[in-house]
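Please read the structure below before turning to the comments.
Protein chains: 2
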Amino acid sequence: MLTLTTFRSVPSFAAGYVRDLRVRWALEEAGLPYQLRLLAFEEAALPAYRKEQPFSQVPMLQDGELTLFESGAILLHLGERCPLLLPQDAHARAQVTVWMFAALSSVEPYLAELVTLDLFHAGEDWVAGARPSAEAMALKRLRDLDEWLAGRDWLAGEFSAADILMCTVLRLLDGMDLVERFGRLSAYRDRCMERPAFRKALADQLALYAQTSQAA
Amino acid sequence: MLTLTTFRSVPSFAAGYVRDLRVRWALEEAGLPYQLRLLAFEEAALPAYRKEQPFSQVPMLQDGELTLFESGAILLHLGERCPLLLPQDAHARAQVTVWMFAALSSVEPYLAELVTLDLFHAGEDWVAGARPSAEAMALKRLRDLDEWLAGRDWLAGEFSAADILMCTVLRLLDGMDLVERFGRLSAYRDRCMERPAFRKALADQLALYAQTSQAA
Chain W
1 MLTLTTFRSV PSFAAGYVRD LRVRWALEEA GLPYQLRLLA FEEAALPAYR
51 KEQPFSQVPM LQDGELTLFE SGAILLHLGE RCPLLLPQDA HARAQVTVWM
101 FAALSSVEPY LAELVTLDLF HAGEDWVAGA RPSAEAMALK RLRDLDEWLA
151 GRDWLAGEFS AADILMCTVL RLLDGMDLVE RFGRLSAYRD RCMERPAFRK
201 ALADQLALYA QTSQAA
Chain F
1 MLTLTTFRSV PSFAAGYVRD LRVRWALEEA GLPYQLRLLA FEEAALPAYR
51 KEQPFSQVPM LQDGELTLFE SGAILLHLGE RCPLLLPQDA HARAQVTVWM
101 FAALSSVEPY LAELVTLDLF HAGEDWVAGA RPSAEAMALK RLRDLDEWLA
151 GRDWLAGEFS AADILMCTVL RLLDGMDLVE RFGRLSAYRD RCMERPAFRK
201 ALADQLALYA QTSQAA
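If you're matching them up, the sequences are chains W and F in order. The numbering of the first sequence is full-length UniProt numbering, which starts it at 1 and goes up by one. The numbering of the second sequence is full-length UniProt numbering, which starts it at 1 and goes up by one.
Structure, rendered in structure tokens:
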């Protein structure tokens with residue numbers, strides 16, 4: 001049995017955006033059943049959890065004897081079971097891994113920086129000075145991606161784990177009206193989000209946090 | 001033949017820190033010979049290059065029919081040829097990929113943010129406001145790593161591609177006296193840098209840029 005570790009409850013702005021969504025989505029695409037292990041925020045900081053996850057983060061995935069963290073590594077692992085996530089042909093596989101790392105290394109940090117400014121530093125007096133260059137960096141990456149998507153439905157051939165990562169990265173900017181400036185890119189994000197596996201994963205995460213918020 | 005694409009020349013602060021170092025180092029560890037394809041900065045912005053590398057970045061690696069970018073994906077690919085970089089045993093392999101993604105997703109963005117502030121925004125009046133929280137985030141990740149390294153020589157069992165990525169990530173902070181606050185972590189970084197393959201890779205990159213700077 002596969003066991004996915006995530007937080008038991010999160011602040012309301014994070015519901016629908018917790019990174020376990022990537023793993024839930026991949027598991028739905030692969031048709032693999034899983035159970036949840038729910039963690040209180042405070043538990044993530046304790047030595048017992050930090051021995052498994054040194055950054056006190058979620059998600060983690062337990063697959064028999066194997067315990068993995070980092071959503072990229074988890075998706076790569078699930079890809080070994082499911083060629084839809086990670087094709088077996090060497091050429092196609094290389095392109096998918098390229099785009100998995102691109103989503104997490106070349107796009108996410110720039111988008112996350114904007115979210116950090118707007119969400120965690122809102123109102124601090126230096127933010128107005130920091131924001132223009134951060135937004136310019138994010139927009140450059142969005143423009144690069146929009147250009148890459150000319151004539152492509154997915155980042156690397158068929159739909160793959162790379163699209164799961166990139167779509168969830170783009171969703172960091174929900175409500176900021178930035179992705180929407182790029183026609184191909186926003187159509188791509190919407191195409192990802194129309195997949196039944198995404199909808200199921202999102203609904204499941206939202207249902208959990210609706211429940212735990214009521215209980216809180 | 002393997003062909004590594006990198007910049008023909010770089011500003012002096014970047015010599016020794018261009019990300020092709022990760023690939024050079026991995027190639028030296030694997031004992032794989034390679035040739036260079038040198039790119040002018042201006043060429044990286046041209047459509048011909050952006051068809052191969054949509055973010056106008058280096059490094060790229062050409063391996064026969066395969067062309068890859070993203071240093072993480074390139075190291076994963078080289079790992080298929082070289083078990084020292086990426087072990088074949090499923091458990092060991094999973095731990096190495098976890099730490100490859102951890103280096104690039106959970107550590108590098110926080111360290112790179114500090115470098116961006118100090119190097120690219122030095123003197124702007126908002127930086128003094130932005131820096132404390134950026135430094136706190138970076139220090140948290142360094143502390144997490146230092147704790148993980150208790151009783152470990154390398155991140156995941158034996159030396160692997162994960163250590164190549166993490167060491168080059170830590171080197172982003174060279175001269176900032178932050179890694180040096182953590183005994184195990186700085187000893188780990190030094191242990192990585194003592195490897196003959198690292199020394200050869202670094203010497204080769206420095207030699208190229210010494211040469212092209214003289215020519216400029």
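From the three backbone atoms N, C-alpha and C, an ideal C-beta is built for every residue, glycine too.
Three-state class that DSSP yields for residue i in the structure shown
{"i": "F:R37", "result": "strand"}
{"i": "W:F69", "result": "strand"}
{"i": "F:Q62", "result": "strand"}
{"i": "F:L155", "result": "coil"}
{"i": "W:L2", "result": "strand"}
{"i": "W:A216", "result": "At W:A216, the pLDDT of 46 sits below 50, so the modelled position is not reliable and the matter cannot be decided from this model."}
{"i": "W:A210", "result": "helix"}
{"i": "F:Y17", "result": "coil"}
{"i": "W:P47", "result": "helix"}
{"i": "W:E80", "result": "coil"}
{"i": "residue 241 of chain W", "result": "Nothing about residue 241 of chain W can be reported from this structure: the residues present for chain W run from 1 to 216 only."}
{"i": "F:S56", "result": "coil"}
{"i": "F:L75", "result": "helix"}
Amino acids of chain W, ordered along the chain, whose beta-carbon sits closer than 7 Å to that of residue i
{"i": "F:E52", "result": "Under the 7 Å cutoff, chain W gives no residues; its nearest Cβ is about 11 Å from F:E52."}
{"i": "F:A92", "result": "By Cβ distance, chain W contributes nothing, its closest Cβ being about 10 Å from F:A92, past 7 Å."}
{"i": "F:A102", "result": "E70"}
Nearest neighbour of residue i, chosen from the options [CA to CA]
{"i": "W:E124", "options": "F:S133, F:F55, F:E124 and F:E43", "result": "F:S133"}
{"i": "F:D177", "options": "F:L114, F:A48, F:W154 and F:V96", "result": "F:L114"}
{"i": "F:A45", "options": "F:L38, F:P54 and F:R37", "result": "F:P54"}
{"i": "F:L172", "options": "F:E42, F:D144, F:L117 and F:L149", "result": "F:L117"}
{"i": "F:T67", "options": "W:A90, W:R189, W:A30 and W:A26", "result": "W:A90"}
{"i": "W:R93", "options": "W:V23, W:D174, W:A156 and W:L21", "result": "W:A156"}
{"i": "F:E194", "options": "F:E29, F:V179, F:L142 and F:D20", "result": "F:E29"}
{"i": "W:L76", "options": "F:Q95, F:L78 and F:P196", "result": "F:Q95"}
{"i": "W:C167", "options": "W:S56, W:R19, W:F13 and W:E70", "result": "W:R19"}
{"i": "F:Q57", "options": "F:D63, F:L185 and F:L38", "result": "F:L38"}
{"i": "F:I74", "options": "F:L61, F:Q35 and F:Y209", "result": "F:L61"}
8 Å Cβ cut-off: residues of chain W touching residue i
{"i": "F:A112", "result": "P109"}
Per DSSP, the bridge partner or partners of residue i
{"i": "residue 221 of chain W", "result": "The requested residue 221 of chain W is not part of the displayed model; chain W covers only 1 to 216."}
Chain-ordered chain F contacts of residue i [CB-CB under 7 Å]
{"i": "W:V98", "result": "L68, F69, E70 and A73"}
{"i": "W:W126", "result": "W126, G129 and A130"}
{"i": "W:E65", "result": "H91"}
{"i": "W:L76", "result": "T97"}
Partner residues on chain F for residue i, Cβ-Cβ distance less than 8 Å
{"i": "W:E147", "result": "R50 and P54"}
{"i": "W:S106", "result": "F55, Q57 and E70"}
The ligand NAD heavy atom lying under 7 Å from the CB of residue i
{"i": "W:L78", "result": "Among the components modelled here there is no ligand, and therefore nothing to report on the ligand NAD."}
Listed by chain order, chain F residues near residue i by CB distance under 9 Å
{"i": "W:D144", "result": "R50, P54, F55 and S56"}
{"i": "W:S133", "result": "T116, F120, H121 and E124"}
Proximity test, Cβ basis, 8 Å: residue i and chain A
{"i": "W:M193", "result": "Judged by its chain identifiers, the structure shown contains no chain A, and its protein chains are W and F."}
Check: Which runs of the alpha helix (DSSP H), 4 residues or longer, sit entirely within the UniProt domain "GST C-terminal" (89 to 216) of chain F?
Finding: 90 to 101, 108 to 115, 127 to 148, 161 to 170, 183 to 193 and 196 to 215
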